[in-house]
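This report concerns only the one structure given below.
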Amino acid sequence: MFCQLLTGLLQRDEVVGYLSYWIIDPGCKNAMSLILTRSNPELADSIQQICEDKSWEGIIVKLWPKIKYINCIITGSMSQCVSLLEFYGGGIPLVSPIYNSSESSFGINLKPLSKPFDVSYTFLPNTSYFVFLPLGKDGEGKAQETWTDDELVDLANVKLGRYYEVVVTTLAGLYRYRVGDVLKVTGFYNKFPQFQFVERRNVVLSIDVDKTTEEDLSKAIMKAKLILEPLGIMLTTYSSYADTSLTPGRYVLVWELKMKGSNDLPKLDAKIMEQCCCIVEESFDFTYKSHRKGGAISALELRVVKHGTFDELMDFHVSKGVSVAQNKPPSCLKSEEAVKILNSGMKEIKEIYENGMKILEELTSNAHEIQEQMLEEILIRNAGTEYLSRFFVNGQNHKQNFKTNVPIVTYEDIKPYIDRIANGETSSILFADPITQFIQSTGTSEGKPKLIPMTAESFEKRMVKPLLVDLVMKKCISGLDQGKSFYLFFVKPEMETPSGLMASLYTTSYFKTQIFKNGLAKFCTSPIDTILCLDNKQSMYCQLLTGLLLRDEVVRIGSSFASVLARSIKFLEDYWKELCSNIRTGYLSDWIADPACRNAMSSILTRPEPELADLIQQICEDKSWEGIIKELWPEVKCISSIVTGSMSQYIPLLEFYGGGIPLVSPNCGSSEACFGINLKPLSKPFDVSYTILPNMAYFEFLPVNNDGGGKSREFILRGASATESSESTNETTTIDKPVDLASVKIGRYYEVVVTTLAGLYRYRVGDVLKVTGFYNKSPEFQFVERQNVVLSIDLDKTTEVDLSKAITKAKLVLEPLGIMLTTYSSYADASLTPGRYVLFWELKMKGSNDLPKLDAKIMEECCGIMEESFDFTYKSLRKGGVISALELRVVKHGTFDELMDFYVSKGASISQYKPPCCLKSEEAVKLLNLGMVGTFFSPKTMF
Numbered sequence: 001m002f003c004q005l006l007t008g009l010l011q012r013d014e015v016v017g018y019l020s021y022w023i024i025d026p027g028c029k030n031a032m033s034l035i036l037t038r039s040n041p042e043l044a045d046s047i048q049q050i051c052e053d054k055s056w057e058g059i060i061v062k063l064w065p066k067i068k069y070i071n072c073i074i075t076g077s078m079s080q081c082v083s084l085l086e087f088y089g090g091g092i093p094l095v096s097p098i099y100n101s102s103e104s105s106f107g108i109n110l111k112p113l114s115k116p117f118d119v120s121y122t123f124l125p126n127t128s129y130f131v132f133l134p135l136g137k138d139g140e141g142k143a144q145e146t147w148t149d150d151e152l153v154d155l156a157n158v159k160l161g162r163y164y165e166v167v168v169t170t171l172a173g174l175y176r177y178r179v180g181d182v183l184k185v186t187g188f189y190n191k192f193p194q195f196q197f198v199e200r201r202n203v204v205l206s207i208d209v210d211k212t213t214e215e216d217l218s219k220a221i222m223k224a225k226l227i228l229e230p231l232g233i234m235l236t237t238y239s240s241y242a243d244t245s246l247t248p249g250r251y252v253l254v255w256e257l258k259m260k261g262s263n264d265l266p267k268l269d270a271k272i273m274e275q276c277c278c279i280v281e282e283s284f285d286f287t288y289k290s291h292r293k294g295g296a297i298s299a300l301e302l303r304v305v306k307h308g309t310f311d312e313l314m315d316f317h318v319s320k321g322v323s324v325a326q327n328k329p330p331s332c333l334k335s336e337e338a339v340k341i342l343n344s345g346m347k348e349i350k351e352i353y354e355n356g357m358k359i360l361e362e363l364t365s366n367a368h369e370i371q372e373q374m375l376e377e378i379l380i381r382n383a384g385t386e387y388l389s390r391f392f393v394n395g396q397n398h399k400q401n402f403k404t405n406v407p408i409v410t411y412e413d414i415k416p417y418i419d420r421i422a423n424g425e426t427s428s429i430l431f432a433d434p435i436t437q438f439i440q441s442t443g444t445s446e447g448k449p450k451l452i453p454m455t456a457e458s459f460e461k462r463m464v465k466p467l468l469v470d471l472v473m474k475k476c477i478s479g480l481d482q483g484k485s486f487y488l489f490f491v492k493p494e495m496e497t498p499s500g501l502m503a504s505l506y507t508t509s510y511f512k513t514q515i516f517k518n519g520l521a522k523f524c525t526s527p528i529d530t531i532l533c534l535d536n537k538q539s540m541y542c543q544l545l546t547g548l549l550l551r552d553e554v555v556r557i558g559s560s561f562a563s564v565l566a567r568s569i570k571f572l573e574d575y576w577k578e579l580c581s582n583i584r585t586g587y588l589s590d591w592i593a594d595p596a597c598r599n600a601m602s603s604i605l606t607r608p609e610p611e612l613a614d615l616i617q618q619i620c621e622d623k624s625w626e627g628i629i630k631e632l633w634p635e636v637k638c639i640s641s642i643v644t645g646s647m648s649q650y651i652p653l654l655e656f657y658g659g660g661i662p663l664v665s666p667n668c669g670s671s672e673a674c675f676g677i678n679l680k681p682l683s684k685p686f687d688v689s690y691t692i693l694p695n696m697a698y699f700e701f702l703p704v705n706n707d708g709g710g711k712s713r714e715f716i717l718r719g720a721s722a723t724e725s726s727e728s729t730n731e732t733t734t735i736d737k738p739v740d741l742a743s744v745k746i747g748r749y750y751e752v753v754v755t756t757l758a759g760l761y762r763y764r765v766g767d768v769l770k771v772t773g774f775y776n777k778s779p780e781f782q783f784v785e786r787q788n789v790v791l792s793i794d795l796d797k798t799t800e801v802d803l804s805k806a807i808t809k810a811k812l813v814l815e816p817l818g819i820m821l822t823t824y825s826s827y828a829d830a831s832l833t834p835g836r837y838v839l840f841w842e843l844k845m846k847g848s849n850d851l852p853k854l855d856a857k858i859m860e861e862c863c864g865i866m867e868e869s870f871d872f873t874y875k876s877l878r879k880g881g882v883i884s885a886l887e888l889r890v891v892k893h894g895t896f897d898e899l900m901d902f903y904v905s906k907g908a909s910i911s912q913y914k915p916p917c918c919l920k921s922e923e924a925v926k927l928l929n930l931g932m933v934g935t936f937f938s939p940k941t942m943f
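Here full-length UniProt numbering is used: position 229 in the sequence shown is 229, and no number is missing along the way.
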């Protein structure tokens, strides 16, 4: 398509230039080399001037001024495209040249300048042997099937004004074959009939005895759209289906609308759209209207989808084997997958922005009711599945039975079911809706990534969250709508399971959706092709280069996680000179070989900018990079990245680089479910709370005991899980049953349990939360730790939050010396007797990346402070010689970048990488040991 468009533009005046790098098909490249042979900036400027006009009315005649007509089939289901082509054509005649089907050629248009809706075709009698099934007409002129076999007529005996279904006999083995096309005889050319295409015989909407054909639908929509035209609103394409999932059923129409002057979605006036619905229904026949009046058919529903949704539908049909050249938009949908694709376009971004705060208020004000409805819906849909039906005696799937009978489980409990689906068994093992993909966890916390099932509906629900987050941030931070966001996003390759279903990280799937591409991506500096590049190094380089080129437009900088942003700044430290060279010369480095990246950058890196390069060089040459973000991007209002949990270790580093720019931690979730969003984005990083979104999953909360220091403790819930131990230690406590969302208490600790539409039932996510308050009736919480992240030698259990608190105290000794702790990790070394805790620290000087001179006494003091911060059990075991002295290993600058590269090589994504607080991998430990530059121990006689 690209090459054909380029050729058309070039041969406008027979001029040429250079082909985009991403055109790699040898045939295309060879063909274009004969046409695109030299540059022509005057032609390019002329085309650019035409295309930059906000309104593309008459774009075809402007781009190709000598054009005489537009040649394409515009009858049948293609008639819905007539208005759009007339708009783009600017008065150029539309010519519908031929009519045929896959089975046979029928006729040609001998009056090519006929108006589109007056087109008739003349039969070609030498292409097939034709006979015709006569169709009667009802009182409204609608074709009705009334024929018998002996009433078939041949080509010479058709009657003017009559309707027929065409039947062909061909040389290729079709005998009296019903093609399914209904034609109306409009005249004769010599002795050959002329006809208009009316409809496909088998395309019909029906709920009861009603039958609404393609022609009926087309006529009704033509009437309805007349009230939109004076408002400058165009109906670009449509489809429909009969929704019998409800009682009574209804017709559902799906429309894609745009403004005449742009591709913007028009502001939808409810009264106008309801009027369209009424006009459509009024146009249907007596049978429909009588059943509608009698309650056998429910009110027609009109769904408006965002621009580009029907392109996704075409992509879907092409993926199933349809040719782009012969794709016909289906007037009536039969495929459930196709319906879901169109429905996914209903979450219009502008509508969410306009009503976002109202949506949030409704969600949080009715949290308990929404939760109960969600659980009820999950049970109604899925109670008959193999997994759930075991727990409901005599089919009694009441909510209380669910809470009494269904066990609380971990991933290992349900992994056999998920594996069966991944290996090709039906998804009805776990849930009723068809599975569309698997979401992979990152695997950095627990080792091997998990596979989490996902349906179209559950994926669609999650896609709303980024829009709500963006809305809240723009409401609370002024100026974010006045520029672009410099987000660093990355993807990783998808993996195909034996079932044929794909598995990928959620972010990878999300970045590939039209919701992202046509929504948030348009407000980002990074071109979508640089985000989707699978080579992370090329992707990061291009995204950083774009961010620097557009530095004056950037009002927000961020990434999914703080670790990614920290890594990106390290990358900038390594490559700023080369980036400046690219900006100074206007040429992209040769090692950027990805065709899509090169093509995307060609529209941004368009000319030398030596002044900008000099400015960036001057900033980056400063030995201290304190406040570097503010200096490079002076209009930035906030830094947006998750900085809670294991990401909290990056807060000092980002504050150092940010130079006072607020850090915003926007949301909290997991691969299994979205939990909540930060409604107070300007909170201090260590004070961040998230508000539960009650429509994302059904939430339950396992109370977790805490000691006097507010430290969360492991627990045992008797009978809760097939894999949980029933033995108690002095560190565990038997507790009450889990509580629902409405019953949590402020100040208490809980482990979150989710039940989803996609086959997770009472599933322990493993995250410990602390309830800090309520927003309306929805709980607010702070993320505390991962329940299973723990250091232990004997009976001691040191959690992620214990470690974080101890390190935060210890590093206070270093700060007056200008030493920064940039990141850390740990592991329990049981290879020696007695075992010990080992911590890895990466240190740097504030003014440079130089490794600080390590004073043994200072480092030993840090070791001692950390041990003093641990709990009574640790200290008593340490005093008794069961645990040896804590060891602190300092590693050289860049060692933790190598650790990230290691996990990425094992399947983790840069975009979702979480540095492991406690290492489980021997390979990871060895890698950090290779970077060791110093080792220190706390005093042996400390306790």
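Ideal Cβ placement from N, Cα and C applies to all residues, glycine included. Given the structure is predicted, the values throughout are model-derived calculations rather than measurements.
Unbroken alpha helix (DSSP H) run spanning residue i, endpoints
i	result
leucine 821	No alpha helix (DSSP H) holds leucine 821; the beta strand (DSSP E) holding it covers 819-829.
methionine 647	Counting along the chain, methionine 647 falls outside any alpha helix (DSSP H), and DSSP gives it neither H nor E.
isoleucine 865	856-869
residue 964	Examination of residue 964 is not possible in this model, given that the chain is present from 1 through 943 alone.
Cβ-based burial, residue i [other Cβ within 10 Å; buried from 16]
i	result
methionine 473	buried
valine 464	buried
asparagine 518	buried
isoleucine 439	buried
methionine 932	exposed
glutamate 229	exposed
Residue interval of the beta strand (DSSP E) (run including residue i)
i	result
arginine 462	Premise fails: arginine 462 lies in the alpha helix (DSSP H), 456-476, not in any beta strand (DSSP E).
serine 105	105-108
glutamine 196	192-200
arginine 250	250-259
lysine 184	177-189
arginine 598	Here arginine 598 belongs to no beta strand (DSSP E); instead the alpha helix (DSSP H) covers 595-602.
tyrosine 121	121-123
alanine 503	502-505
Straight-line Cα distance separating residue j from residue i
i	j	result
methionine 234	glutamine 275	16 Å
leucine 930	leucine 899	11 Å
phenylalanine 936	phenylalanine 571	30 Å
glycine 818	isoleucine 531	36 Å
phenylalanine 106	glutamate 553	58 Å
valine 185	proline 116	17 Å
glutamate 151	phenylalanine 284	29 Å
aspartate 311	tryptophan 841	51 Å
glutamate 215	serine 128	26 Å
isoleucine 858	cysteine 668	37 Å
threonine 733	aspartate 850	Summary for threonine 733: the model assigns pLDDT 39, below 50, so the residue's position carries little reliability, and this model does not support an answer.
proline 65	glycine 58	10 Å
proline 939	alanine 885	7 Å
From the options, residue whose alpha carbon lies closest to that of residue i
i	options	result
glutamate 337	Gly356, Asp315, Met357	Asp315
glutamate 609	Tyr587, Cys81, Ser624	Tyr587
lysine 399	Ile50, Val409, Phe902, Asn382	Asn382
lysine 805	Ser389, Pro703, Gln649	Gln649
methionine 78	Lys492, Glu199, Gly659, Trp576	Glu199
glutamine 787	Val636, Tyr775, Lys770, Asp794	Lys770
tyrosine 251	Arg292, Ala521, Gly232	Arg292
serine 335	Thr426, Pro434, Phe402	Pro434
If you scan the segment 605-644 from start to end, which runs of the alpha helix (DSSP H) of 4 or more residues do you find wholly inside it?
610-620, 628-632
At 4 residues or longer, and completely inside the segment 265-306: list those alpha helix (DSSP H) runs for me, N to C.
270-283, 286-293
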